[in-house]
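Structure, as structure tokens:
In full-length UniProt numbering, the protein residues as written are 1 to 795.
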């Protein structure tokens with residue numbers, strides 16, 4: 001690849017997006033990237049719906065998101081959740097918008113309220129209250145009869161968020177107007193003006209921009225998206241091309257597939273190239289997972305999510321925004337259920353309660369493998385995003401001929417002309433891509449005296465791999481010409497050496513090439529060092545916690561290159577702990593609570609273990625007790641003394657009645673299969689009783705392995721959890737249930753009732769292959785899994 005000469009400097013001052021005068025570290029927007037404090041800024045935002053999660057657990061979940069590399073929390077302000085009954089606007093409990101925003105601020109997270117009025121979010125009526133739709137008005141237009149209640153709603157939001165804008169030191173960096181409104185630019189402008197008149201303020205005002213959106217000129221920052229799968233397409237439609245496209249490097253920003261079931265046509269009211277010329281490539285809905293509808297139940301795995309996200313960075317994204325980053329549960333409505341459904345004229349039937357979304361953090365805060373995949377990328381962006389944001393994306397001459405070309409290697413480079421990063425994606429869902437043997441890359445950078453050809457010995461790019469390699473990266477005065485390992489982050493080792501942590505790529509031997517002009521001496525614990533004159537080449541290094549290459553530079557600096565194996569790299573956290581910035585290796589969850597000066601582990605293991613670099617002067621204490629310490633390469637590993645607890649306890653599940661005949665299929669909007677009616681759960685569902693032990697600690701999940709079509713859990717007549725079967729185990733959070741009525745031996749206890757419906761063989765429903773027999777409604781097994789919180793403080 002011959003990387004083009006850098007473009008002219010970006011346009012500035014042409015957009016009305018900026019902080020008020022005098023705001024510290026002011027936010028701005030150029031035509032190619034965002035700025036903060038005059039420096040290129042690469043935000044990472046993650047969606048979390050506060051109204052779908054218990055308020056008492058918000059703070060810990062926000063800390064989980066921050067530890068996962070999220071710098072800004074986005075969330076819909078869902079009108080029907082707050083004002084289900086007209087005139088009674090609620091901001092109490094899990095609807096306390098102000099408290100949620102203040103918690104974001106408390107922990108250094110930006111906040112992005114998405115204020116609708118229409119949100120979608122798989123909510124009843126897209127979030128518009130029933131009473132509003134009963135009025136003689138035309139929603140989502142400038143109809144005065146619609147705008148009048150919208151003004152009241154925006155005023156209520158503004159009142160709750162008063163004083164939390166950046167001009168007053170608050171966390172609100174952006175506000176999204178409406179959602180997926182593609183053909184009403186005048187109405188979008190009216191909504192923005194209405195919100196500002198109500199008192200809402202932010203440096204960035206945004207709009208979703210997919211589907212050929214028409215936006216009021218220069219009034220809203222267009223944000224894009226892309227999902228690995230889609231619940232909103234047809235059951236028999238296969239993997240949508242609009243999802244497939246996101247695993248290719250391209251400079252096309254739009255995704256015409258998102259929300260296409262809710263608009264009659266795809267319009268081209270605005271020229272995508274014109275938007276690209278004026279606005280940076282920013283996103284708000286990269287798929288952190290995918291919801292499950294009754295008629296279509298996609299399964300999304302960690303690699304699907306990680307590969308898509310990394311591909312978007314290689315394409316040129318300068319803002320990684322995820323929907324969803326954290327799952328939740330629909331609140332119980334006072335008047336109706338609150339999920340999207342055929343009953344309200346929408347094209348998809350969603351579960352009544354669960355909105356897990358297969359997100360990196362689940363419905364009950366469960367850590368998913370995708371959380372660790374994305375955290376690896378976010379650590380990289382935290383350290384190198386300011387370098388990456390101004391770098392333009394370049395594509396090779398030989399690239400895939402179309403979306404069904406699986407044979408041509410997919411790669412791109414982002415560069416500023418003298419340095420950059422190489423991106424490779426050899427993974428996509430459903431249809432595995434082949435190995436690419438004997439591969440090397442030759443990259444001509446306009447600011448380099450000679451092309452880079454890497455690695456020195458060609459390698460096989462394994463099927464399923466995706467990665468980013470550095471090109472001429474400066475590390476504390478050392479120039480790393482290339483590494484066949486992905487940069488993760490930097491840390492001071494406690495002895496004055498700046499260490500760049502890299503993640504090896506499975507199946508590819510690490511190779512490090514150093515510019516010899518900056519090298520005084522090199523020491524490596526394994527492998528070979530070759531002096532090639534203008535370059536020092538390190539090969540044969542065995543990745544691991546001891547794979548630290550120590551370099552003394554000619555200017556007196558000290559640098560280190562620590563190459564972790566891929567599995568260990570996915571356990572890396574970085575945060576401020578006990579007075580210093582440290583790396584923590586832990587296969588479980590870790591949060592850094594600077595306000596309490598402690599680290600907390602979330603683990604289901606009886607003996608949690610974690611490693612730290614640099615180690616504190618004295619061994620930390622866990623829950624007030626000492627820990628065992630041992631060397632683990634350049635880290636110090638600490639292990640908590642075992643207790644009497646067991647991490648998994650088999651649950652006692654008693655069959656009550658077998659399933660009857662599967663309900664006959666019924667179709668609704670667009671001819672799509674509708675979920676079975678409520679009455680079937682009382683008449684033909686298989687029923688099981690789960691006895692809840694008296695002594696189960698907080699944080700306990702019931703994990704149910706089952707087959708069938710639809711499952712619901714009841715306490716008495718109250719629905720407390722549900723799931724459409726798609727091959728994943730069903731988790732039910734004990735903390736969310738009325739446990740005083742569930743415990744074995746409690747007066748009048750009815751236990752937890754699980755009711756499972758079988759699926760009719762003729763039901764037009766898509767489920768992933770290998771998910772079991774949907775025609776058999778049965779519980780195979782269930783267990784209690786307790787995730788405990790361990791407080792780690794300075795010794």
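C-beta atoms are modelled at their ideal positions from N, C-alpha and C, and glycine is treated no differently.
Straight across, the Cα-Cα distance linking residue 382 with residue 755 is about 46 Å. Rounded to the nearest whole angstrom, the C-alpha separation of residue 550 and residue 450 is 27 Å. Judged by DSSP secondary structure, residue 78 falls outside any beta strand (DSSP E); it is assigned neither H nor E. CA-CA distance, residue 71 to residue 65, rounds to 8 Å.
In the displayed model, residue 357 falls within coil according to three-state DSSP, outside both helix and strand. Close CB contacts of residue 251 within its chain, under the 8 Å cut and outside five residues either way in sequence, are with 276, 315, 316, 393 and 395 (chain order). With the rule of 3 Cβ pairs closer than 8 Å, the stretch 177-196 counts as touching the stretch 142-160. For residue 117, the closest alpha carbon among the candidates 169, 55 and 181 is that of 181.
Residue 703 has its alpha-carbon roughly 14 Å from the corresponding atom of residue 696. A direct Cα-to-Cα measurement between residue 569 and residue 9 gives close to 36 Å. Taking C-alpha positions only, residue 443 is separated from residue 1 by approximately 5 Å. Taking a cut-off of 8 Å for Cβ pairs, the stretch 91-105 and the stretch 598-614 do not touch, as fewer than three such pairs fall below it. Residue 616 carries a coil assignment under DSSP once its states are collapsed to helix, strand and coil. Under the DSSP definition of a beta bridge, residue 733 partners with 701. The shortest CA-to-CA distance from residue 635 to any of 556, 676, 311 and 493 is the one to 493. With a contact defined as Cβ atoms closer than 8 Å, residue 75 and residue 49 qualify at about 5 Å. Within the stretch 329-404, the complete beta strand (DSSP E) segments at least 3 residues long are 392-394, listed from N- to C-terminus. Distance from the Cα of residue 45 is smallest, within the candidate group 297, 148, 242 and 309, for 309. Listed in chain order, the non-local C-beta contacts of residue 664 below 7 Å within the same chain comprise 760, local neighbours out to five positions each way being set aside.
Look at the beta carbons and you see the stretch 718-726 touching the stretch 286-299: at least three pairs across the two are nearer than 8 Å. Leaving aside the five residues that flank residue 482 on each side, the residues in its chain whose CB is nearer than 7 Å to its CB run, in chain order, 452, 454, 469, 470, 471 and 513. Going by DSSP, residue 586 is part of no beta strand (DSSP E) at all; its letter is neither H nor E. Bridge partners of residue 258 according to DSSP: none are assigned. With a 10 Å radius around the Cβ and a threshold of 16 neighbouring Cβ atoms, residue 589 comes out buried.
Selection 462, 716, 727 and 202 evaluated against residue 705 yields 727 as nearest (Cα-Cα).
For residue 496, the CB contacts under 7 Å within the same chain, skipping 5 residues up- and downstream, are 558 in chain order.
By DSSP's assignment, residue 287 forms a beta bridge with 323.
In terms of Cα proximity to residue 119, the closest of 178, 423, 429 and 689 is 178. In the same chain as residue 59, and ignoring 5 residues on each side of it, the C-beta atoms closer than 7 Å to its own belong to 103, in chain order. Burial is judged here by how many other beta carbons sit within 10 angstroms of a residue's own beta carbon; residue 617 has fewer than 16 and is exposed. Cβ contact annotation for residue 331 (same chain, cutoff 8 Å, sequence separation greater than five): 51, 52, 81, 94 and 338, in chain order. At a Cβ-Cβ threshold of 9 Å, residue 154 and residue 194 count as neighbours. Under the three-state reduction of DSSP, residue 667 is assigned to strand. C-alpha of residue 361 to C-alpha of residue 688: approximately 28 Å in a straight line.
Around the beta carbon of residue 128, 16 or more other beta carbons lie within 10 angstroms, which makes this residue buried. Counting along the chain, the unbroken alpha helix (DSSP H) around residue 566 starts and ends at 566-569.
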